[in-house]
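Novice: Take a look at the following structure, please.
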Amino acid sequence: MNVFRLAGDISHLLAIIILFLKIWRSKSCAGISGKSQVLFALVFTTRYLDLFTSFISIYNSVMKVVFLILAYATVYLIYIRFRGSYDKENDTFRVEFLLIPVAGLSFLENYDFTPLEILWTFSIYLESVAILPQLFMITKTGEAESITTHYLFFLGLYRALYLANWIWRYYEEGFLDQIAVVSGVVQTIFYCDFFYLYFTKGILIAWLLETLYFFNRKAVCHDLTHKFHVFQFFFSF
């Protein structure tokens, strides 16, 4: 495994954790497309069926299980736990316009006409367009919470890093997965406009400042609490 793939996996995991924690802490899934999350859960399900048939490494197996758990946990939070805050009126993208072409293409363009291979190919094609309901929802409402934009940023960064991973593998190992590369390029293109806005609008800088402020405030509170306990100790006699 090269550094680009590892960084891509970490970025992907961060994106999902950021979204999950945002929903859990705020007890709200406002601004989140449930349809996109269902599509991503379907992506992981159809891609990781080999979890029961082949073993690559402990890292690989653990990451697959984590992604599956987080994907379905997020769907659970949106449609069951905090369904009252789900913005169904604005999450109106017609996912059948994605599923039907993707399913047809996975039967026509694959490496081996077997059930597992077709489902794996389906997951690759579907992942490239699974974010569209979320982007459509943001376009429709004209707004997005900062946490949602950070989720999208790390998700887009994951795809960009995987493109670098494929380039590295092609030159270092002579390996080229045309289906994954083409699908990855398509998915990265969807994020290009978002990346531009993310950096030019200062969203990243604002988030870093908020994070630094949070940890600094936490450290100050801890220091004050410690001093208070010391004060109590000396005056308790």
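Residue numbers (my numbering): 207 to 443. The beta-carbon is built from N, C-alpha and C at its ideal position, and this holds for glycine as well. No experiment lies behind these values; they were computed from the predicted model shown.
1) If contacts are defined as beta-carbon pairs under 8 Å, then Asp383 and Leu322 qualify, I think. What distance do you get, rounded to the angstrom?
2) At 4 residues or longer, and completely inside the segment 218-250: list those alpha helix (DSSP H) runs for me, N to C.
3) In three-state DSSP terms, what is Ser291?
4) Short of 8 Å in beta carbon distance, which residues of its chain neighbour Glu315, apart from the five on each side in sequence? Order them along the chain.
5) Express the C-alpha separation of Thr345 and Ser234 in angstroms, rounding to a whole number.
6) Can you give me the C-alpha to C-alpha distance between Gly348 and Tyr331, rounded to a whole angstrom?
7) Under three-state DSSP, which class holds Leu382?
8) Grouping DSSP H, G and I as helix and E and B as strand, with all else coil, what is Asn371?
9) In this structure, how does DSSP classify Met207 when only helix, strand and coil are distinguished?
10) Between which residues of its own chain and Tyr357 is the CB-CB distance below 6 Å, once the five residues before and five after are set aside?
11) Do you know offhand how far Gly290's Cα is from Ala236's?
12) What is the C-beta distance between Thr252 and Ser334, in whole angstroms, given that I count them as a contact (C-beta under 8 Å)?
13) Do you know offhand how far Gly240's Cα is from Tyr376's?
Specialist: This is what the structure holds:
1) With 8 Å as the limit, Asp383 and Leu322 do not qualify as a contact, their Cβ atoms being about 16 Å apart.
2) none
3) helix
4) Thr327 and Ile385
5) 20 Å
6) Between Gly348 and Tyr331, the C-alpha separation is close to 28 Å.
7) coil
8) helix
9) coil
10) Ala221, Ile224 and Leu225
11) 9 Å
12) About 14 Å; that fails the 8 Å criterion.
13) 36 Å
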